[in-house]
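Below is one structure, written out as structure tokens; comments come after it.
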Amino acid sequence: MKPARTRFAPSPTGFLHVGGIRTALFAWLLARQTGGQFILRLEDTDKAREVEGSGQHIMDSLHWLGLDWDEGLEIGGRFAPYQQSQRLDIYKQWAQKLVDKGRAYADPYTQTEVEAFREAAKAAKKPFLFRNHRPQNPPAWDGTQPLRFKSDPKPYEWHDAVMGDLSAGPEAVDDFIILKSDGYPTYNFCHIIDDFLMECTHVMRSQEFVASIPKFLNLYEALEIERPILATFPYVMGPDGKKKLSKRDGAKDVLDYAREGYLPEAMINFMATLGWNDGTEQEIFTPAELIEKFSLERVQKGGAHFDEQRLLWMSGAHIRALSIGELYACSKEFWPAEAGGYDDAYKKRVLGLVQERLKFFAELPNLTVFFFKDLPVKSSLWTEHKQLKKLSNDEIKPLLEQAKATIAASDFSVDDLTARLNELLEQTVQKPAVLFSIIRIATTQSPSSPGLADTLAVLGRKVSLRRIDAMLSAL
RNA sequence: GGCCCCUUCGUCUAGUGGUCCAGGACGUCUGGUUCUCAUCCAGAAAAUCGCGGGUUCGACUCCCGCAGGGGUCACCA
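The first sequence begins at 386 in the working numbering and counts up by one.
Structure (structure tokens):
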């Protein structure tokens, strides 16, 4: 496959959610797979909608996920600048070419007048076509009026790398504004210029643009530029309902997942398999595998719902696949405050015990506090326990005393602890559900914990016995 | 309303005329793994393949119609 030059061209109107960044991911995947380039371009031509700081926020999101770009914002490149607001002269030149060829004209109407045309069309239940109102003798363009493309309506058939063969009639082609009266170009115009100048081989974007593609096709012809490969992605849908994932319906900022301690490779895996699969039964992919196996042809045509459960499962699966060293490196910012005084070796042992129950790192404090801090005695743990609620304190106390003696005699290796605990089971003729629960609750004061012997071994003699004593005096 | 697109278990999907009374995964449920939670293992329930017509010996797969859903018809991208 020829090296692909793909691009991600967001507008700085806020944060990126999973739906938006999946588009970036697919474009990146293709560039990496073919040994091509991935370009990051900022489409900041709408000053009104621009949100301060979102350019940086978008870059942060891409950085976190490891979607690195070869040209574009921050780093520049052969076709700099990569920010459309700094390329106004370029668009003006290209627009002038169109004017010279008689393929663009000044729009003489006021916005109110155009709005009236639109209303009339709507009332007549007809699609609005500006070209039906194309002026006979448009005024000379002086830069203060919007400049419109003079279209050449005709039917089109084209191929989309994802959607397949598409077609539309001439009614899909209309005169649209290419330069606004404020001097800024519209997306419809400048993305075509930039993609051409930046030598993009593929234009990958989401579904809302399909209806405009005939217009773009018409413009490519007028500009006499070869059109790139088109690839249109379906939406990522909200968890319920039929609407696309959107900020106003609570879609999260991708960086929220970073803050909650999801692994970037898990997010990538999740996003990639939302609407794509390799045809095998493989579910878990590393980024490298994705680069190798991704293909536009296997992207679904229909929208896929965002499934939080699946994300959680996938995140846990990626966490489980990490070595302790890797896991530890990722866990740095998520430890409970009390862990500050403990050394790396201790924390790694703790991590080893919770790795298989961790779904994302923000869960770390809840899962591990008791390894760092004596928790207050919590009576509900006894009263709500299936087995223990049937026992009185007088029944529990001697068992815990015995357990204390047993544990005190141990060298606190997991094996020795296990062996002694098993002996105790026989001596007391208790079920593990009773005996182990008593010890577990006494030493952790938590509703759940890793296995008892493992937990005690990490806690150590001093802490274990201290907590048992505290429990004993509370009973 | 015109035009365009989409439609397989709750969800993500496999499936390109017979190997599919539809396979996998998430989730759910059941059981097991000496305690809890999780992991892991085993098993179960779960899709009349949107509906109706064709074509064919045979259709989830091809054709036609319909329905539902979505998109679009901005000096937003």
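Think of the CB as a built atom: it goes at the ideal place given N, C-alpha and C, for glycine as much as any other residue.
Cross-strand partners of residue i (DSSP beta bridge)
{"i": "Val588", "result": "Leu615"}
{"i": "Gly549", "result": "Asp545"}
{"i": "Val558", "result": "Its beta-bridge partners do not exist; DSSP assigns none."}
{"i": "Thr813", "result": "Beta-bridge pairing links Thr813 to no other residue."}
{"i": "Tyr490", "result": "Arg533"}
{"i": "Leu564", "result": "Leu532, Pro570"}
{"i": "Asp638", "result": "His402"}
{"i": "Ile424", "result": "Arg392, Glu456"}
{"i": "His690", "result": "Met622"}
{"i": "Gly461", "result": "Gly457"}
{"i": "Gln478", "result": "Paired residues: none, contrary to the question."}
{"i": "Gln787", "result": "In DSSP, Gln787 forms no bridge with anything."}
{"i": "Trp661", "result": "Val684"}
{"i": "Gln468", "result": "Leu427"}
{"i": "Lys629", "result": "Met622"}
Pair within 9 Å by beta-carbon distance, residue i and residue j
{"i": "Asp545", "j": "Val621", "result": "no"}
{"i": "Arg852", "j": "Thr828", "result": "yes"}
{"i": "Phe561", "j": "Arg488", "result": "no"}
{"i": "Trp767", "j": "Ile826", "result": "yes"}
{"i": "Glu435", "j": "Pro388", "result": "no"}
{"i": "Thr671", "j": "Trp720", "result": "no"}
{"i": "Ala491", "j": "Pro538", "result": "no"}
{"i": "Leu514", "j": "Ala506", "result": "yes"}
{"i": "Gly451", "j": "Arg426", "result": "no"}
{"i": "Val819", "j": "Leu860", "result": "no"}
{"i": "Phe679", "j": "Phe393", "result": "no"}
{"i": "Leu604", "j": "Lys477", "result": "no"}
{"i": "Tyr727", "j": "Phe757", "result": "yes"}
{"i": "Gly462", "j": "Asp455", "result": "yes"}
{"i": "Gln469", "j": "Cys575", "result": "yes"}
{"i": "Arg590", "j": "Thr408", "result": "yes"}
{"i": "Leu675", "j": "Leu414", "result": "yes"}
{"i": "Leu749", "j": "Ser716", "result": "yes"}
{"i": "Tyr572", "j": "Glu428", "result": "yes"}
{"i": "Leu802", "j": "Leu760", "result": "no"}
Environment of residue i [buried if 16+ CB atoms lie within 10 Å]
{"i": "Pro599", "result": "buried"}
{"i": "Thr391", "result": "buried"}
{"i": "Ser439", "result": "buried"}
{"i": "Val588", "result": "buried"}
{"i": "Gly421", "result": "buried"}
{"i": "Ile460", "result": "exposed"}
{"i": "Ser858", "result": "exposed"}
{"i": "Thr617", "result": "buried"}
{"i": "Ala722", "result": "exposed"}
{"i": "Ser849", "result": "buried"}
{"i": "Met386", "result": "exposed"}
{"i": "Gly528", "result": "exposed"}
{"i": "Pro619", "result": "buried"}
{"i": "Asp862", "result": "Nothing about residue 862 can be reported from this structure: the residues present for the chain run from 386 to 860 only."}
{"i": "Ala508", "result": "exposed"}
{"i": "Asp559", "result": "buried"}
{"i": "Pro832", "result": "exposed"}
Same chain, Cβ closer than 6 Å to residue i, neighbours up to 5 away in sequence not counted
{"i": "Tyr569", "result": "Thr430"}
{"i": "Pro540", "result": "Gly554, Pro555"}
{"i": "His336", "result": "The requested residue 336 is not part of the displayed model; the chain covers only 386 to 860."}
{"i": "Ala643", "result": "Trp449"}
{"i": "Asp663", "result": "Lys678"}
{"i": "Pro835", "result": "Leu738"}
{"i": "Ala651", "result": "Met699, Ser700, His703"}
Cβ neighbours of residue i in the same chain (closer than 7 Å, five flanking residues each side left out)
{"i": "Leu696", "result": "Phe655"}
{"i": "Ser822", "result": "His770, Gln772, Leu773"}
{"i": "Pro613", "result": "Asp580, Cys585, Thr586, His587, Val588"}
{"i": "Phe793", "result": "Checking the displayed sequence, the identity of residue 793 turns out to be Ala instead of Phe. Within the same chain, Ala793 has close Cβ partners Leu850."}
Sequence-distant residues of the same chain with beta carbon closer than 8 Å to residue i, five excluded per side
{"i": "Asp445", "result": "Leu640"}
{"i": "Ala636", "result": "His402, Val403, Gly404, Gly623, Leu630, Phe691"}
{"i": "Trp543", "result": "Asp550, Leu551, Ser552, Ile598, Leu602, Leu615"}
{"i": "Ala525", "result": "Ala491"}
{"i": "Pro523", "result": "Tyr490, Ala491, Asp492, Pro493"}
{"i": "Val762", "result": "Gln830, Ala855, Met856, Ala859"}
{"i": "Ile669", "result": "Asn654, Met699, Ala702, His703, Ala706"}
Is the region 622-632 close to the region 574-581, with three or more CB pairs under 8 Å? no
If you pair each beta-carbon of the region 401-417 with each one of the region 651-668, do three or more pairs fall below 8 Å? Contact between the region 401-417 and the region 651-668 is present: 3 or more CB-CB pairs across the two stretches fall below 8 Å.
Cβ contact check for the region 831-850 and the region 794-804: 3 or more pairs under 8 Å: Result yes; three or more Cβ-Cβ pairs closer than 8 Å.
Contact between the region 467-486 and the region 697-715 is defined here as three or more beta-carbon pairs at a separation below 8 Å; is this criterion met? no
Should the region 738-756 be regarded as contacting the region 779-787, the criterion being three or more beta carbon pairs within less than 8 Å? The region 738-756 is not in contact with the region 779-787.
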